[in-house]
Structure formats: C-alpha cells, structure tokens
Amino acid sequence: MAEMKNYDYIVIGSGIGGLFTSALLAKSGAKVCLLEQHKVPGGYGHSFSFKGYTFGAELHYIWNCSANEDGGKIFRKLGLDNEITFTPLNEQCFDRLEFPGFSYEIAKGFDLNAQKLSELFPGHRKGLKRYFNIIETLHDEMTKMPFSFSLRDLLPYAFRLRHVLRYKNWTTQDLFNHLGFPLQLQSILAGQSGNLLLSPDQSSLLVHAAMVTGLDRSACVPTHGYQHLFSTLSTFIAACPDCDVLFGCQVTNIDCDGNHVLNVVTADGRELSADNYIYNGDPKLLGQLSGEAPPVAFGKKLNYSYSPSAFTLYLGLKDIDLPSFGFGAWNVWHYADESVNKSFAKPLAEVVYENPTLFISTPTLHGAERNAPDGCEQMVVCTPCSYDYFKSFEMQGRKTYLAEKKRITNLMLDQVEKHYIPNLRDHIDLLIAGSPLTMERYMFAPKGNCYGADLTPHNFNIGKLDYRSPYSNLFFVGATAGIPSFAGGIHFAALLYEKLTGDKVL
Ligand SMILES: Cc1cc2nc3c(=O)[nH]c(=O)nc-3n(C[C@H](O)[C@H](O)[C@H](O)COP(=O)(O)OP(=O)(O)OC[C@H]3O[C@@H](n4cnc5c(N)ncnc54)[C@H](O)[C@@H]3O)c2cc1C
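Mapping of the sequence shown onto my numbering: residues 46 to 551, in sequence order.
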C-alpha cells in the first residue's frame, strides 16, 4: 500500500554512514526517512544487552572525535556536543602488542614511539623517522581528499595529494621492505593490523596510514557508551520535523524508471518515496533490490573482494581484578607468530585455530560508562576467521555448527588462560559467541565481512566505488563507498552531506 508522505531523502540502513548522513540532513531541515531492518540503530556499531551487560557489538575503540576533528565538528553542527562526549584511552599505552618472545606498548605520539623504537632498533633511527613522516603525511593528505575517487576529480588536487598518488599501489609491507626494517620492527609497526583484518603484505599502505595515525592522534571511546551514542542520534532524527526512523523495516525492492529511483518497497509491504535515496547496505546487493544488473562500466567498480570475517566472544566476568592480569584502558593484540603476516595467513586460509591470534578488549576498564553489573567486568575477545569454514559446518546441520562454535570458543578461552588469566573460566558470568554467520544474519554483511571491500591497494585506489551509483538520485555511503571504521564512516557521511546540500561541516 502506498504511503502519502513524500520525503526529501529515504536512507536505507542505519549503520554509521546512514545514521550520520540522516542526522545531518534532518538537522538541515530535510524530510528524512531512515529505514533499518534490525531492531536497533548503528549497523556494526550497534549494542546488545544480556544479564545487565551492554556490549558494543563491533566497535572497540574509535578515533577522529576530538573537538577539532570530524566528530567534534559533526556533533557541534548537530548541537549534540554536550551530550555525546569521548574518553581517551590510556595515552601511555592504548594498544599492547604481545608476540612470542617480545612485546611492545604503543603510546600516543609518533615522536615518542620513534624514540622508543630507535632505542630497541638502533640501526633504524633514520628509517623510523621517515616511516612516521610518510604515514602521517598520507593521513593528512587523505583527510583532504574529495569524496570521489575518479582520476578526473582527483587531478585538480594532484599536488595536494602527491604522496597519496605516489603510494597508492603500495602495501604496508612494501614500505617496510623499502626502509629495510627487520621482522620484529615490522611486526610492531603492523601490530594494529587487526583493525584492517589484513596482514601488512596485503593491506593498502594508505589505509594503514589513515588508521595508525588516526589512532595515535585520538584513540578513544564514547563516554556514555556506543548504545547511548547511536540511540541519541536516532532519537534526534526521529524528533526532527517530518522525519521518521523505522526499525525492523527491511527494504526488499527498489522501483526505478531508467536511472531514476521512484520508490522503495519494504518487507511488510510499504511503498515509500523520496526525491533522493541513500543506500548504506553492501553496494553489490543493490542489484538484488532493483532487480537490474548494473551497467557494464559501473559493474567494474563492484568487482571487489570482501574483507575477512571474525569470531567474537563477549564475556561477562565476575569476582575478578582484571588490572592485576595486565588489562586496562588499552587493548591487547595477541599474535600467534612473531610475523603478523603469518599470524593472519593461517586463520584466514588454513583455518588453524589451535593457537589463535587474538584481539582482547576490556571495555569496563576504558574509563567510560561501565555497562556491566556492579563489580563485574566485560571482556571481548576476537579472532580473524574464514566465513566459508563456518558455512561448511552450518550446511552439515545446526548441531554440527554449534559444536564447532563451542570448539573454537574453547580454543580461544584456552589461549587467554594460557597467556593472561589462568582461571578465566571460573569468572565467566556470561558468554556469548558470534561467528561470521551471525554477522551476516544481523548486519546483511555478505560473507560476514568486517570492513566491506578488502582493504588492499587493488580495492582502495583511484577508480574505486564512491558515493555515485548507477541511479541519478541514489547515493552510497558506508565502509565500501568510503573507508571503514567509525572515523571513516563519519568522515564520508559528512562529505556526502556536504555534496548533497552544499553546506560545510568539516
Ligand atoms: C569484528 C569487527 C570489529 C570492528 N572494530 C572496530 C573498531 O574497534 N573501531 C572502528 O572504528 N571500527 C571497527 N569496525 C568497523 C566498523 O564497525 C565498520 O566499518 C562500520 O560500523 C561500518 O559502517 P557502515 O556505515 O558501513 O554500516 P554497516 O555497519 O555495514 O551497517 C549497514 C546497515 O544497513 C542495514 N541494511 C542493509 N541492507 C538493508 C536493507 N535492505 N533494508 C534495511 N536495512 C538494511 C543493516 O542492517 C545495517 O544496520 C569493526 C568491525 C567488525 C566487524
């Protein structure tokens, strides 16, 4: 049944990209309708609660939110800067790296890290200076890029983006090789690679630079938690005049006339129309909604591989003093091998979990709202893994799939007990495990991908997909159209808003 209300914008998906674009448009006076198939806002940024614990599903720490960065500017624009604030992680160590035989604590400040690392690797003082200089320059140039990756649009900025253009085909490993760094130093500098779910021999140097520099400048968490942040935004949108936010509302069809979108149809039979549409889902899935194959030239932009998936344990812990086991306002990256390349290759290709590489976060120690029952703690443990592996178990039946989930859970717990907390299991008050299939089911993320398109130089390069779709009035926003992460999501949402309205935010 057709609904009469005509919106300026219909936004499909309330992930970071969809939610922030909607909020900015709604604040500007546009009539916005935000449609989300899940019950809650945020996409991968959503939260869920059990037994008094509220877990941020997939955001563990974020950046680009201080007053003079994108987050500060956006929340000021929305008038929400007093309500949504951020708490920095520990500046002496916000990421602790543990390799077999050596460890390193990443502190805030490239100069400080260059100094610390030069003492550990005295022959590489000059190379380290050059390394940090290159990645900081790449980060700063990237923040000035327009939201278009076509050569024609980038050429006028060729001088301003000269390092981006020079290094666009490099992997992180190419830079390590170029500077002649030894393996241990490479591993330390690539120690946050889990944030890309790619080893340095595959990851785009540009994306590595954006992530490492962004974290260095402002690694933080929302003071009142992720649930508060995303629900504040969706309540804000719903309260704007002539705006609506509908949850449990899956868009199943997009009706088009040539290259013009006419309306969307939802699973419960609603027809909704707008002048413009914004799509926050996976761009490859758009064809399923419209029932049309993309034009050949555009189809090439959809020829991306997906980023890998992950298996996550959400633990509620009781009667435990986590700081006494070395945890705090930082994350722990536990590597199975002294080479980050090898640590990622195994779980993603061979599916060897006996000695898993882990990311361990302790949100209740981050200095922000605790979101756990009094006296209890949260711990989130993540490992990279293959979607196809879990799919093969699901195809053998639910019992087999659940048994494999249990086996992997136990291997991860064994690893934490062996290296960090000997009797962890005695303290478990709540345990929830999410596999790649869980991510696909809840987030509509094909193959349970964590970051949209794989963050290789092939995918993240000139000519890549950006906000433009084959339809004149439908625009993409989100990890694949821009860059993944909270920081990247809000940046590209603001750029899309600026493009659509001509109003400046950043
Ligand atoms: C394991 C893991 C750990 C991560 N850790 C961090 C971290 O610590 N810090 C960080 O900054 N980033 C992290 N990320 C990355 C970050 O979460 C994502 O890059 C970001 O949330 C993606 O936002 P997005 O805008 O692309 O939307 P998505 O999160 O992909 O959301 C898209 C939304 O659209 C909805 N949707 C899709 N199709 C339809 C439809 N047809 N109808 C209605 N709704 C639809 C979906 O339900 C979903 O809510 C992590 C990701 C993962 C998976």
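For every residue, glycine included, the Cβ atom is placed at its ideal position computed from N, Cα and C.
Going by DSSP, what residues sit across from F166 in a beta bridge?
Bridge partners of F166: none, in fact.
Can you tell me whether L80 sits near ligand 1, meaning its C-beta is under 7 Å from at least one heavy atom of the ligand?
Yes; taking the cut-off as 7 Å, the Cβ of L80 has a heavy atom of ligand 1 nearer than that.
Rounded to whole angstroms, what is the Cα-Cα separation between G344 and N400?
Their Cα atoms are separated by approximately 40 Å.
Using CA coordinates, which residue listed in I365, R207, F435 is at the minimum distance from L410?
Ranking the options by Cα distance to L410, first place goes to I365.
Short check: CB of G547 to CB of H536, under 8 Å?
Result no, Cβ atoms of G547 and H536 do not sit closer than 8 Å.
In whole angstroms, what separates the C-alpha of A47 from that of F65?
At A47, the pLDDT of 47 sits below 50, so the modelled position is not reliable; the number obtained from the coordinates is stated separately. Rounded to the nearest angstrom, the two C-alpha atoms are 27 Å apart.
CA-CA distance, I299 and V309?
Spanning the two alpha carbons is a distance of roughly 4 Å.
Any contact between the region 99 to 109 and the region 258 to 274? By contact I mean 3 or more CB pairs, one from each, below 8 Å.
These segments touch.
Thinking just about the alpha-carbon of each residue, which of D198, A532, Q231, C427 is nearest to the one in N455?
Measuring from the Cα of N455, the nearest candidate turns out to be C427.
When DSSP labels each residue in this structure, what does H273 get in the three-state scheme?
In this structure, H273 counts as helix in the three-state DSSP scheme.
So for A203, helix, strand or coil by DSSP?
A203: coil per DSSP, three-state reduction.
Given T357, which residues of its chain have a CB within under 6 Å of its CB, disregarding the five upstream and five downstream residues?
C427, G479, listed in sequence order.
Alpha carbon to alpha carbon, what distance is there between L234 and F404?
Straight-line Cα distance between these residues: approximately 16 Å.
Under three-state DSSP, which class holds R513?
It is a strand residue.
Does DSSP put E462 in a helix, in a strand, or in coil?
E462 falls in the helix class under three-state DSSP.
For ligand 1, I want to know if F489 counts as a neighbour, meaning its beta carbon is within less than 7 Å of at least one of the ligand's heavy atoms.
Yes; taking the cut-off as 7 Å, the Cβ of F489 has a heavy atom of ligand 1 nearer than that.
Closest by CA to E383, which one among W108, S148, Q82?
Answer by Cα proximity: S148.
Once DSSP output is grouped into helix, strand and coil, what is the label at H536?
It is helical.
Relative to the alpha-carbon of G168, which residue among F389, S318, L230 has its alpha-carbon at the smallest distance?
Of the candidates F389, S318, L230, the one whose C-alpha sits nearest the C-alpha of G168 is L230.
In the DSSP assignment, the alpha helix (DSSP H) including Y432 goes from what residue to what residue?
That run of the alpha helix (DSSP H) goes 432 to 440.
For D320, tell me which candidate among K451, F520, M488, T311 has the shortest Cα-Cα distance.
Here the closest residue by C-alpha is F520.
Secondary structure at E81, three-state DSSP: helix, strand or coil?
Coil.
With three or more C-beta pairs closer than 8 Å as the rule, is the region 288 to 295 touching the region 73 to 85?
Touching, per the Cβ criterion.
Per DSSP, W378 is paired with what?
Answer is L142, F404.
Please classify V425: is it buried, with 16 or more other beta-carbons within 10 angstroms of its beta-carbon, or exposed?
Flag for V425 reads buried.
With DSSP run on the structure shown, which of helix, strand or coil describes P267?
Three-state result, P267: strand.
Would you verify that the beta carbon of D471 is, or is not, closer than 8 Å to some beta carbon of chain C?
No chain C is part of this structure, which consists of one protein chain only.
For S73, which residues of its own chain have a beta-carbon under 7 Å away from its beta-carbon, when the five flanking residues on both sides are left out?
Cβ within range, chain order: T546, D548.
Got a sec: does ligand 1 put a non-hydrogen atom nearer than 7 Å to the Cβ of S59?
Under cutoff, so the answer is yes.
Determine the DSSP secondary structure at I151, reduced to helix, strand or coil.
If DSSP states are grouped into helix, strand and coil, I151 belongs with the strands.
If you measure between the beta carbons of V252 and L241, is that distance less than 8 Å?
Closer than 8 Å, so yes.
Using 10 angstroms around the beta-carbon of L330, count the other beta-carbons present and answer buried if the total reaches 16, otherwise exposed.
Under this definition L330 is an exposed residue.
Taking C-alpha atoms, which residue in L142, D313, T130, T132 lies nearest to V385?
Out of L142, D313, T130, T132, L142 has the C-alpha closest to the C-alpha of V385.
If you draw a straight line from the alpha carbon of R197 to that of A448, how long is it in whole angstroms?
Each residue's Cα considered, the two are about 53 Å apart.
Hey, how far is the Cα of K436 from the Cα of L482?
Answer to the nearest angstrom: the Cα atoms are 7 Å apart.
Check whether the Cβ of P167 sits closer than 7 Å to any heavy atom of ligand 1, and report yes or no.
Checking the Cβ of P167 against ligand 1 gives no.
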